[in-house]
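In my numbering, the protein residues as written are 505 to 908. Quick reminder that beta carbons are idealized off the backbone N, C-alpha and C, glycines included.
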Amino acid sequence: MSTRDFIEKDYYGALGVPQDADAAAIKKAYRQLARDLHPDKNPNNAEAEARFKEVSEAYDVLSDPRRRGEYDEARRLFGAGGAGARAGFPGGGGFPGGGQTFDFGDLFGGAGGARAGGAGPGAGGLGDILGGLFGGAAGGARARSQAASGPARGQDVETEATLSFEEAVLGVTVPLRMQSPGSCPTCSGSGARPGTSPHTCPVCSGAGVTSRSQGAFAFSEPCRNCRGSGQVVDDPCPTCSGSGITSQTRTITVRIPAGVKDGQRIRLSGKGAPGRRGGPAGDLFVVVHVAEHPLLGRKGDDLTLTVPITFAEAALGTTLTVPTLDGTVSLKVPAGTASGRTLRVRGRGVPGKGRAGDLLVTVEIAVPVRLTPAQRKVIETLAEEMDEDPRPQITAAVRPGGEA
Numbered sequence: 505m506s507t508r509d510f511i512e513k514d515y516y517g518a519l520g521v522p523q524d525a526d527a528a529a530i531k532k533a534y535r536q537l538a539r540d541l542h543p544d545k546n547p548n549n550a551e552a553e554a555r556f557k558e559v560s561e562a563y564d565v566l567s568d569p570r571r572r573g574e575y576d577e578a579r580r581l582f583g584a585g586g587a588g589a590r591a592g593f594p595g596g597g598g599f600p601g602g603g604q605t606f607d608f609g610d611l612f613g614g615a616g617g618a619r620a621g622g623a624g625p626g627a628g629g630l631g632d633i634l635g636g637l638f639g640g641a642a643g644g645a646r647a648r649s650q651a652a653s654g655p656a657r658g659q660d661v662e663t664e665a666t667l668s669f670e671e672a673v674l675g676v677t678v679p680l681r682m683q684s685p686g687s688c689p690t691c692s693g694s695g696a697r698p699g700t701s702p703h704t705c706p707v708c709s710g711a712g713v714t715s716r717s718q719g720a721f722a723f724s725e726p727c728r729n730c731r732g733s734g735q736v737v738d739d740p741c742p743t744c745s746g747s748g749i750t751s752q753t754r755t756i757t758v759r760i761p762a763g764v765k766d767g768q769r770i771r772l773s774g775k776g777a778p779g780r781r782g783g784p785a786g787d788l789f790v791v792v793h794v795a796e797h798p799l800l801g802r803k804g805d806d807l808t809l810t811v812p813i814t815f816a817e818a819a820l821g822t823t824l825t826v827p828t829l830d831g832t833v834s835l836k837v838p839a840g841t842a843s844g845r846t847l848r849v850r851g852r853g854v855p856g857k858g859r860a861g862d863l864l865v866t867v868e869i870a871v872p873v874r875l876t877p878a879q880r881k882v883i884e885t886l887a888e889e890m891d892e893d894p895r896p897q898i899t900a901a902v903r904p905g906g907e908a
């Protein structure tokens, strides 16, 4: 992330959230936009692809509390004025008595050749500019610039996977097709046209920073010729325009573990975007969406099932055959079972590393809506035989005439 990005880009606007939005609101906005703009849903749509990248970049910053704090601080200090914004001291537009003014357009704009390796411009960062104003920071700025031109970790990538209820409970291996930044296949990430290579910047001798004095002050800044990379590309790669990075579509096979829940975020280390200049790959985060099952539900590691039974089965008892995710199981319903009672079948729930969950079966007495004359007569006879009051406390509390 370059300093220019921190100053120019409106990540809150990209996600459509206010600056005081909490993490949950940011996450919700990102998921909705990512789902609507995903390349799989918008094939051959360059505008949707560009918005998808913009939304992903915004979420990458705003979902990280540390990076969000740095972004907010940078915009507070320098505003969102773009490349033409100038940072200096009051009264004279620059350093006291010197008339020197920083132009971020010069520091991070189009001066010099294309940067090798794909890192964005302005790699020196705000710390290089501000820390060097008062001397003694040139070494730190140079070290940071050299680090920026060395191996860089690839970006983290987030994608989504929709699973059936059975797949989420039992686990599944799925292919995921996704689009993410990767090393340019034409130049292998160097940014230079094939047959050529980047060379050391003649201005900074590969350090990526230059130092100079202004009156009583000594300060360092990213080299304007190479934009802080330490290398210059004279003949940029035609595929990536010298960035060393292209947007690539790839398919990977991912094992989803048993027992994942709807909305769960799974981290796969090293499966994200490839690193730059020999750096490690980023991580892949898979957000799981689980479809509903027509019969079964889930409560933690337990599966739930509601089964209707007749009055006779509840009164006399019965044995039911109920479904599970891997077959069927026999369930004994004791005589005199009340409607709404939950019976437990141990070990037939969600598999786990230790003990598996249980299957919770809730029985409900089904009351017939229409009765034949013969059925009505049988029930009326049964009612006469069953003279026991099922609600004695209520009856005792109610006085004759219906008054409490």
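If you draw a straight line from the alpha carbon of residue i to that of residue j, how long is it in whole angstroms?
i    : j    : result
V837 : K765 : 31 Å
Q523 : H542 : 25 Å
L800 : T832 : 13 Å
Q752 : L537 : 20 Å
G710 : R716 : 17 Å
L772 : V736 : 35 Å
A901 : D893 : 13 Å
T822 : G851 : 22 Å
R518 : V565 : The question names Arg, yet the displayed sequence has Ala at residue 518. Straight-line Cα distance between these residues: approximately 12 Å.
V678 : I756 : 8 Å
H797 : D544 : 25 Å
P742 : E551 : 22 Å
H793 : F669 : 10 Å
V849 : G767 : 27 Å
Y575 : T828 : 51 Å
R579 : T704 : 33 Å
P896 : R880 : 26 Å
A816 : M890 : 14 Å
C727 : L680 : 41 Å
D568 : M682 : 22 Å
N549 : Y563 : 21 Å
Any idea if residue i is buried or exposed, counting beta-carbon neighbours within 10 angstroms, 16 or more meaning buried?
i    : result
K513 : buried
P740 : buried
G844 : exposed
T663 : buried
S747 : buried
E888 : exposed
A641 : With a pLDDT of only 41 at A641, under 50, the local geometry of the prediction cannot be trusted, and no value is derived from it.
P698 : exposed
A645 : Here the model assigns A645 a pLDDT of 46, short of 50, so the residue's position is not dependable, and the following value carries that caveat. A645 should be labelled buried.
R874 : exposed
E884 : exposed
L820 : exposed
T846 : exposed
K898 : Looking at the sequence itself, residue 898 is Ile, so the reference to Lys does not match. So I898 counts as exposed.
G686 : buried
T666 : exposed
A591 : Any reading at A591 is ruled out, since the residue's pLDDT is 39, under 50, leaving its predicted position unreliable.
List the endpoints of the continuous beta strand (DSSP E) containing residue i.
i    : result
Q752 : 749–760
V673 : Note, V673: premise wrong, no beta strand (DSSP E); alpha helix (DSSP H) at 669–674.
G801 : 801–803
K836 : 831–837
V826 : 822–828
V849 : 846–849
For residue i, list the residues DSSP reports as bridge partners.
i    : result
I869 : I813
F789 : E662, R771
E725 : T714
Q897 : Its beta-bridge partners do not exist; DSSP assigns none.
H703 : V736
S687 : I749
D806 : K803
R681 : T755
A696 : P740
If you compare alpha carbons, which of the options is closest to residue i?
i    : options                : result
Q659 : R848, A839, E561, R580 : E561
V826 : L820, L835, A818       : L835
S745 : C691, V713, A900       : C691
A870 : I883, R848, V811       : V811
G693 : Y534, C727, A795, I749 : I749
D830 : E671, R579, G767, P569 : E671
R754 : A839, T704, V661       : V661
I770 : V790, R681, R539, P761 : V790
K557 : T828, E577, Y515       : Y515
A860 : A842, D805, Q879, A533 : D805
T866 : G858, A818, P872       : A818
P761 : K857, P877, K803, C688 : K857
R657 : A878, G783, E725       : G783
F723 : V713, R555, G732       : V713
A785 : V521, S684, A533       : S684
L824 : P547, A533, E868       : E868
Terminal residues of the continuous alpha helix (DSSP H) containing residue i?
i    : result
P877 : 877–889
L566 : 550–566
R535 : 527–541
G503 : Nothing about residue 503 can be reported from this structure: the residues present for the chain run from 505 to 908 only.
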